[in-house]
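Residue numbers (our numbering), protein chains in the order written: chain A, 2 to 151; chain B, 2 to 151.
All C-beta atoms in this analysis are idealised placements derived from N, C-alpha and C, irrespective of residue type, glycine included.
Everything below concerns the one structure shown next.
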DNA sequence: TTTCAATTTGTAATGATTACAAACACAAGC
DNA sequence: GCTTGTGTTTGTAATCATTACAAATTGAAA
Ligand SMILES: [Mn+2]
Ligand SMILES: [Mn+2]
Ligand SMILES: [Zn+2]
Ligand SMILES: [Zn+2]
């Protein structure tokens, strides 16, 4: 676990969010998981720690976190929203073969928020779609399960 | 109507797609509609021209067009996929108040396709999320129906 | 202890998308 | 003309992520 409980408490407190057990656990899971997990994947991973955790709580909690800017919702894959525990703007690559979403580190002058043509910018999203390096090596066959965590 | 039937025929023929009446009509509708319409909006507009048109045909036809690169599917709004009749890469602005998707004309060095880190790039997507100029002037109240065409 | 609001949970809708098989169109060959 | 076959279109029925909603639970304040 990268993030410990007291650090998570500080993050929540710093955004005026009451640090319940569920919220601490969920935030820790999203921030530790680098695979941009779906609600489904998060729930499967979290029921081990919170057996009674409902999907409804996951939906409402992640919506709250996203509104507070703690996490970011990625709508890259039309089938399911995925969550990114790194709220700082960065690019992504979506592989249409294995359906993974990878971080891409490139500089982009358009990644600074602010304003454009009078429109207030709250979030900046940039991503590429294609076939990832691993899947290309496998001749287009998927190289990984899209649901695997960590 | 911007695009006439013979021009549409050429576009389809040029991509090896048989120019049926449905396909010609659907392609014309997507290319003429600048509002990045949903399947629902397209269907509502097209049943006037093709009373028997099924949603299934719309789904399969637009999937075909997107695969051929004639149109682009936008997954910006998590609720519904929207279609863009302009396949050339360009940026978008998604207003969370009126839910419109506006074209943004900015240059971006990352908009050229090709390859990155060994991943094959087929599509480049860039967009901003926030509150549009019109909605800001209206103090955050939505300024337009998200379904209006043209 | 009592109260009360916020949080969490389970269940039931909602609604876009997909699966599937029947109906249809149309060209090639007879 | 008719027959056949293939691709297209259509209607209906699942699928399944997301949302709506109200009851249950929590926890702090009075
Ligand atoms: Mn990321
Ligand atoms: Mn556009
Ligand atoms: Zn891949
Ligand atoms: Zn707006």
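Can you tell me the Cβ-Cβ gap for residue i and residue j, rounded? I've got them flagged as a contact below 8 Å.
i: residue 28/A; j: residue 44/A; result: In fact, because the Cβ distance is near 15 Å, the residues do not count as touching under 8 Å.
i: residue 105/B; j: residue 94/B; result: 5 Å
i: residue 124/A; j: residue 130/B; result: 4 Å
i: residue 20/A; j: residue 83/A; result: That belief does not hold up - the Cβ atoms of residue 20/A and residue 83/A are roughly 24 Å apart, past 8 Å.
Answer with buried or exposed for residue i, where buried requires no fewer than 16 other C-beta atoms within 10 angstroms of its C-beta.
i: residue 77/B; result: buried
i: residue 42/B; result: buried
i: residue 118/A; result: exposed
i: residue 30/A; result: buried
i: residue 87/A; result: exposed
i: residue 48/A; result: exposed
i: residue 62/A; result: buried
i: residue 17/A; result: exposed
Give me, in chain order, the residues of the same chain whose beta-carbon lies closer than 7 Å to that of residue i; leave out the 5 immediate sequence neighbours on both sides.
i: residue 132/A; result: 96, 97, 98 and 141
i: residue 2/B; result: 29 and 33
i: residue 56/A; result: 40 and 44
Using only CA atoms, which one of the options lies nearest to residue i?
i: residue 15/B; options: 26/B, 66/B, 39/B and 122/B; result: 66/B
i: residue 58/A; options: 86/A, 6/A, 25/A and 12/A; result: 25/A
i: residue 103/A; options: 112/A, 92/A and 111/A; result: 92/A
i: residue 138/B; options: 40/A, 121/A and 135/A; result: 121/A
i: residue 32/A; options: 71/A, 80/A and 60/A; result: 71/A
i: residue 22/B; options: 90/B, 7/B and 113/B; result: 7/B
i: residue 115/B; options: 100/A, 115/A, 116/A and 134/A; result: 134/A
i: residue 13/B; options: 68/B, 80/B and 74/B; result: 68/B
i: residue 40/B; options: 4/B, 85/B and 18/B; result: 85/B
i: residue 110/B; options: 101/B, 127/B and 100/B; result: 127/B
i: residue 1/B; options: 74/B, 52/B, 36/B and 75/B; result: It is not possible to answer for residue 1/B, since the shown part of chain B is limited to 2 through 151.
i: residue 1/A; options: 79/B, 9/B and 11/B; result: Because residue 1/A is not part of the residues shown, which for chain A are 2 to 151, the question remains open.
Might you give, ordered along the chain, the residues of its own chain that have their beta carbon closer than 6 Å to the beta carbon of residue i, omitting 5 neighbours on each side?
i: residue 112/B; result: 90 and 125
i: residue 81/A; result: 39
i: residue 10/A; result: 20
i: residue 50/B; result: 26
According to a CB-to-CB cut-off of less than 9 Å, which residues of the region 50-72 of chain A neighbour chain B? Residues passing the 9 Å Cβ filter: none.
Residues of the region 18-45 of chain A with a CB closer than 7 Å to any CB of chain B: list them in chain order, please. none
For the region 70-102 of chain A, enumerate the residues whose C-beta is nearer than 8 Å to any C-beta of chain B, in chain order. 74, 76, 77, 78, 79, 82, 92, 94, 96 and 97
Residues within the region 112-141 of chain B neighbouring chain A, beta-carbon criterion of under 7 Å: 117, 118, 119, 120, 121, 122, 123, 124, 125, 126, 127, 128, 129, 130, 131, 132, 133, 134 and 137
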